[in-house]
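These protein sequences, in sequence, are chains A and B.
Add 171 to the 1-based position in the first sequence for the numbering used here, that's all there is to it.
Add 171 to the 1-based position in the second sequence for the numbering used here, that's all there is to it.
All C-beta atoms in this analysis are idealised placements derived from N, C-alpha and C, irrespective of residue type, glycine included.
Note that the structure is predicted; figures quoted are calculated from it, not measured.
Each remark here refers to the structure printed beneath this line.
2 protein chains.
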Amino acid sequence: MFQGETAITVDDKGRLAIPTAYRELVAGACANRLVITYNPFESGCLWLFPHAEWEKVRDQVNALPSVKAVHRALQMKLVGAAAMVEPDGAGRILLPGSQRTAAGIEKKAVLLGMGSKFELWSEQAHLAKIRQTIGEDEISDDMADLRL
Amino acid sequence: MFQGETAITVDDKGRLAIPTAYRELVAGACANRLVITYNPFESGCLWLFPHAEWEKVRDQVNALPSVKAVHRALQMKLVGAAAMVEPDGAGRILLPGSQRTAAGIEKKAVLLGMGSKFELWSEQAHLAKIRQTIGEDEISDDMADLRL
DNA sequence: TGAAATCGTGGGAATAAGTGGGAATAACTG
DNA sequence: CAGTTATTCCCACTTATTCCCACGATTTCA
């Protein structure tokens, strides 16, 4: 279970160091095999799945009937973009160049632990999201009963 | 099972190098016989099937009663356009010129691993698709239950 | 407070992959 | 049947990727 946000620097070659706090967790969860895809719902954000978790997601998404345009878009962004990466000797993973540019992730980025997966945001996109509070009109029925 | 996106350059002769990561997979899945057709649902996109997979698709499509116009259109784009290709010594396949122009695929293209088949997009068309996030109003009933 | 260890970052070299061009062969047309 | 055009195969070069090493900063423990 991943949680917390970490400031990350991506170097010119597109390498990104996994924070030490997560190293053991990742090694245990998926033998160091991570899968990078697009976040289909947000631009400027990539998803990082442990391989075991990814397989579940992939199978769910592939099972959707591809006659619907939305489903094809989802399959394209998730399965079509999925890149498997393994950390190097220094615990760094290599972001595929295409995804780095498409998500607009440059030197400064933010890694978020989101339960079963990570989210990688460009610093700007992340800051913009955080600054933006949740308005009352957005509250869903599921949220209404929360005790926070 | 193919997945991931790769930037591909198509040279003046219409040759396209299969990424090394897929070479063995393709050789195993279909003895290097690939079938190229149009993606009937998206313009600017071609489909590449391993031969074994193609036979299933072809038989399904051919079985549709051809009195309906939609069926004929599908049969035309899939069966009617199917070209079998095999990689050369350098692991490159030759795109038929007609399909290259029809799909608008020029020098810069993107190859997507989509489970049982590949998709070949022109760089522009692909980028446009990726940049476009999935909005809340587009979510289908099938998608609502996904746990991503 | 100092020293050691660990973590993060950058750069460089070896290797592999991708790309382009050219020549030989085959096919097609007049 | 000959000339021209298209296709295929092969070789070589350039570019990208991967692995490894080293330096600097920060933290931790004695």
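Setting aside the 5 residues that flank it on each side, A/Asn233 is surrounded in the same chain by Gln246, Val250, each with a C-beta closer than 8 Å to its C-beta; the list follows chain order. The alpha helix (DSSP H) runs lying completely inside the stretch 277-302 of chain A and spanning 4 residues or more are 294-302, given in chain order. In chain order, Val228 make up the part of chain A whose C-beta sits under 7 Å from the C-beta of B/Leu319.
Considering only B/Phe173, B/Met172, B/Thr177, the residue with the shortest C-alpha distance to B/Trp292 is B/Thr177. Within the DSSP secondary-structure output, B/Ala254 pairs in a beta bridge with B/Ile207. At a cut-off of 8 Å between beta carbons, A/Arg243 contacts chain B. Under the DSSP assignment, A/Thr180 falls in the beta strand (DSSP E) whose first and last residues are 173-180.
Counting along the chain, the unbroken beta strand (DSSP E) around B/Ala188 starts and ends at 186-188.
When Cβ-Cβ separations below 8 Å define contact, B/Ile207 makes no contact with chain A.
When Cβ-Cβ separations below 8 Å define contact, A/Lys278 makes no contact with chain B. Under the 8 Å criterion on CB atoms, A/Ala273 is classed as interfacial with respect to chain B. Where A/Arg243 is concerned, the enclosing alpha helix (DSSP H) starts and stops at 240-249.
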